[in-house]
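The listed protein sequences correspond, in order, to chains B and D. Per the numbering used here: the first sequence = residues 208 to 322. Per the numbering used here: the second sequence = residues 42 to 151. Worksheet: the structure to be examined is printed underneath.
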Amino acid sequence: KAGVTQTPRYLIKTRGQQVTLSCSPISGHRSVSWYQQTPGQGLQFLFEYFSETQRNKGNFPGRFSGRQFSNSRSEMNVSTLELGDSALYLCASSLAELAGAYEQYFGPGTRLTVT
Amino acid sequence: DAKTTQPPSMDCAEGRAANLPCNHSTISGNEYVYWYRQIHSQGPQYIIHGLKNNETNEMASLIITEDRKSSTLILPHATLRDTAVYYCIARSYLPDKLIFGTGTRLQVFP
């Protein structure tokens with residue numbers, strides 16, 4: 208089975224712009240979660256989507272949003288980029304239907320640099 | 042989610058067992074202990090998880106104390122490729138999300 212894929216792998220944007228990142232989960236996985244990793248804050252949970260619905264959300268401003276499509280692929284969008292949004296954005300997919308011991312499998316991440 | 046505490050760094054000689062401790066004294070009964078590792082700038086990799094019993098898979102063993110307040114991840118024969126940051130997570134499923142701490146940076150040396 209192919210793993211989680213994320214595109215693009217690297218991105219450079221300017222302050223004030225917006226960006227869209229894409230994630231394709233492992234085939235059959237319906238849950239997609241997004242995380243942000245920065246040297247200062249570490250790995251932080253952004254949100255989780257299941258069956259095209261946002262099921263969980265972390266403590267990030269409304270500039271961070273996402274969506275999931277019927278084929279389980281997910282996108283996240285960051286509007287009005289700030290320098291502090293420079294980070295590695297990671298996507299993870301899992302089989303999780305409801306509560307259960309389903310591990311999350313991570314993609315390689317998208318490295319976003321805001322200048 | 043329960044908070045976990047790990048030593049910031051550890052060293053291990055190649056071929057020896059690496060024992061990575063984790064303290065989760067406030068873990069609740071429905072929280073699993075998960076371990077992930079992250080090799081420099083790659084996505085985290087799932088290693089193993091457990092609830093009460095000790096677990097073993099092809100990568101590692103997980104030893105959970107009887108009171109579930111701490112656990113140890115064991116890499117039986119560490120290799121240079123095991124050099125990574127190891128995260129111990131106490132995970133509940135409502136809501137389902139991983140709360141990463143600062144992890145342990147394991148350095149395996151020749």
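Every residue gets a Cβ at the ideal spot worked out from N, C-alpha and C, and that includes glycine.
Query raised in the report: If you pair each beta-carbon of the segment 125-145 of chain D with each one of the segment 69-88 of chain D, do three or more pairs fall below 8 Å?
Result: yes
Requested in this report: Please say whether residue 149/D and residue 59/D have beta carbons closer to each other than 9 Å?
Outcome: Here residue 59/D corresponds to residue number 18 of the second sequence, with the count starting at 1. Here residue 149/D corresponds to residue number 108 of the second sequence, with the count starting at 1. Yes; because the gap between Cβ atoms is below 9 Å, this pair is in contact.
Query - Where residue 306/B sits in the DSSP three-state scheme - result: Here residue 306/B is taken as the residue at index 99 of the first sequence, counted from 1. Any reading at residue 306/B must be qualified, since the residue scores a pLDDT of 49, below 50, and its modelled position is unreliable; the value itself is stated next. In the structure shown, residue 306/B falls within a coil segment according to DSSP collapsed to helix, strand and coil.
Query - Stretch-stretch touch, CB-based, cutoff 8 Å, three pairs: the segment 223-241 of chain B with the segment 275-289 of chain B - result: yes
Report task. Leaving aside the five residues before and after residue 262/B along the sequence, list all residues of the same chain whose C-beta is less than 6 Å from its C-beta, in chain order. Result -> Here the question's residue 262/B lines up with position 55 in the first sequence. The residues are 255.
Query - Cα-Cα separation between residue 64/D and residue 93/D, rounded to whole angstroms - result: Here residue 64/D refers to the residue found at position 23 of the second sequence. Here residue 93/D refers to the residue found at position 52 of the second sequence. One C-alpha to the other measures close to 14 Å.
Query - Within chain D, partners of residue 378/B - CB distance below 8 Å - result: Since the first and last residues shown for chain B are 208 and 322, residue 378/B lies out of range.
Query - Close-in-space but distant-in-sequence residues of the same chain around residue 306/B (CB under 7 Å, 5 per side omitted) - result: As a first step, residue 306/B must be located in the first sequence, where it is residue number 99. Unreliable placement is indicated for residue 306/B, whose pLDDT of 49 sits below 50; the coordinate value is still reported in the next sentence. Cβ within range, chain order: n/a, list empty.
Query raised in the report: Do we get a CB-CB distance below 9 Å when we pair residue 142/D with the residues of chain B?
Result: Position 101 of the second sequence, counted from the start, is the residue given in the question as residue 142/D. By this cut-off, residue 142/D is an interface position.
Query raised in the report: Taking only beta-carbon atoms, is residue 299/B less than 9 Å away from chain D?
Result: As a working mapping, residue 299/B is identified with position 92 in the first sequence. It does: the Cβ of residue 299/B has a partner Cβ on chain D nearer than 9 Å.
Query raised in the report: Taking the DSSP output, what are the residues bridged to residue 248/B?
Result: Locating residue 248/B in the first sequence gives position 41, counting from the first residue. None, per the DSSP bridge assignment.
**Report entry** Counterpart residues of residue 60/D in DSSP-defined beta bridges
**Finding:** What you label residue 60/D is simply residue 19 of the second sequence in a count that begins at 1. Looking at the DSSP assignment, residue 60/D forms a beta bridge with 115/D.
Query raised in the report: When the Cβ atoms of the segment 287-300 of chain B are set against those of the segment 237-249 of chain B, are three or more pairs found closer than 8 Å?
Result: Yes, they touch.
Query - Chain-ordered neighbours of residue 138/D on chain B, where CB pairs are closer than 8 Å - result: The residue labelled residue 138/D in the question sits at position 97 within the second sequence. For a Cβ distance threshold of 8 Å, residue set 240, 252, 255, 263 and 265 of chain B lies close to residue 138/D, ordered along the chain.
Requested in this report: Look at the alpha carbon of residue 139/D and the alpha carbon of residue 151/D, and state the distance between them as a whole number of angstroms.
Outcome: Stepping through the second sequence from its first residue, residue 139/D is reached at position 98. Stepping through the second sequence from its first residue, residue 151/D is reached at position 110. Near 33 Å, if we compare the C-alpha coordinates of residue 151/D and residue 139/D.
**Report entry** Per-residue contacts from residue 127/D into chain B (C-beta, under 7 Å)
**Finding:** Sequence index remark: in the second sequence, residue 127/D carries index 86 (1-based). Chain B residues near residue 127/D: none, gap ~13 Å exceeds 7 Å.
Query raised in the report: Quick one: does residue 275/B have its CB under 9 Å from some CB of chain D?
Result: Locating residue 275/B in the first sequence gives position 68, counting from the first residue. Chain D contact via Cβ: absent.
Requested in this report: Indicate the three-state DSSP secondary structure (helix, strand or coil) for residue 123/D in the structure shown.
Outcome: Translated into the one-based positions of the second sequence, residue 123/D becomes position 82. Note: residue 123/D maps to helix in three-state DSSP.
Report task. Identify which residue in 98/D, 85/D, 45/D and 141/D has its Cα closest to the Cα of residue 115/D. Result -> Locating residue 115/D in the second sequence gives position 74, where the first residue counts as 1. It is 98/D whose Cα lies nearest to the Cα of residue 115/D.
Query raised in the report: Quick one, are the C-beta atoms of residue 236/B and residue 277/B less than 9 Å apart?
Result: As a working mapping, residue 236/B is identified with position 29 in the first sequence. As a working mapping, residue 277/B is identified with position 70 in the first sequence. Not in contact: residue 236/B and residue 277/B (Cβ atoms no closer than 9 Å).
Query raised in the report: Any beta-carbon of chain B closer than 9 Å to the one on residue 90/D?
Result: If you number the second sequence from 1, residue 90/D lands on position 49. Closer than 9 Å: yes.
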